[in-house]
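Have a look at the structure below before the remarks.
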Amino acid sequence: MKVAGDIPVFLRKSTLSKVTDGLKWCCEKRGLRIYDYTILPDRLMFVAETAWGSLQDVIDSFRGFSSKAILKVLQSERHSKQADWMLKLIDRFGDKDQAGNSNIWELSPVIEKLIKQEQHDKHAEMISNRMVQYGWVHKPEHYNLCSSSPRHPLNGWIVEGIDPWS
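Heads up: the sequence shown begins at 8 in our numbering, then just goes up one per residue.
See below:
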């Protein structure tokens, strides 16, 4: 899922915590199962499924409440030039809902259905290696906002393997 306008909102600790808290809530209350993930400054990439219900519905609700939560945090920090700059960009690039409120996320997230284990493995490796490709780290486990890191913020919420019977 990509932030509209490529705005690096997840560089701020306050907005990052809203996203990780929202993902944890979706795991606990909506049955989201996250296998691998990376949080980049302007996007969230993950391999996931749901224990019940529709993955699309869970993602849509996550996008809605995370957008509102992040906007609220940025508005409360408007005294910061960076937060004010981000709010202006979100207002410019973000889609508007029926009430005229901005949404931080691009309209349609890319969702691919992974059927085979090889597909899962390929996407998990791609997600884990994104920061290595950017040259930010030498190994995926060195990037703390990645499920490959032992210090990632969703520790305890990641499903360790795919159960073919679930």
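Every residue gets a Cβ at the ideal spot worked out from N, C-alpha and C, and that includes glycine.
Beta-carbon proximity check, residue i vs residue j, cutoff 8 Å
i: Val-10; j: His-130; result: no
i: Asp-73; j: Lys-25; result: In the sequence as displayed, the identity of residue 73 is Ser instead of Asp. Yes, the pair counts as a contact, with Cβ atoms nearer than the cut-off.
i: Tyr-150; j: Met-138; result: yes
Simplified DSSP assignment, three categories, for residue i
i: Met-52; result: strand
i: Lys-9; result: strand
i: Asp-43; result: strand
i: Trp-143; result: coil
i: Ser-109; result: strand
i: Ser-165; result: For the sequence presented, residue 165 should be read as Ile rather than Ser. Ile-165 falls in the strand class under three-state DSSP.
Rounded C-alpha distance that separates residue i from residue j
i: Asp-64; j: Lys-88; result: 35 Å
i: Leu-161; j: Leu-152; result: 9 Å
i: Met-52; j: Lys-123; result: 19 Å
i: Phe-176; j: Ser-61; result: The structure shown does not extend to residue 176, since the chain is modelled only from 8 through 173, so no value can be given for it.
i: Trp-143; j: Ile-46; result: 13 Å
i: Lys-103; j: Gln-126; result: 35 Å
i: Leu-96; j: His-159; result: 28 Å
Neighbour-count burial assignment, residue i, 16 or more Cβ in a 10 Å radius
i: Tyr-141; result: exposed
i: Ser-154; result: buried
i: Arg-85; result: exposed
i: Ile-14; result: buried
i: Trp-172; result: Residue confidence for Trp-172 is low, a pLDDT of 49 falling below 50, so the modelled location carries little weight; the figure read from the coordinates is stated next. That one is exposed.
Residue closest to residue i, alpha-carbon to alpha-carbon, out of the options
i: Trp-112; options: Lys-75, Trp-32, Gly-60; result: Lys-75
i: Gly-163; options: Lys-31, Ile-122, Pro-116, Ser-115; result: Lys-31
i: Ser-109; options: Val-117, Asp-13, Arg-99, Thr-57; result: Arg-99
i: Ser-21; options: Ile-77, Leu-121, Gly-101, Val-166; result: Ile-77
Beta carbon proximity, residue i to chain E, threshold 8 Å
i: Leu-78; result: No chain E appears in the structure shown, which is made up of a single protein chain.
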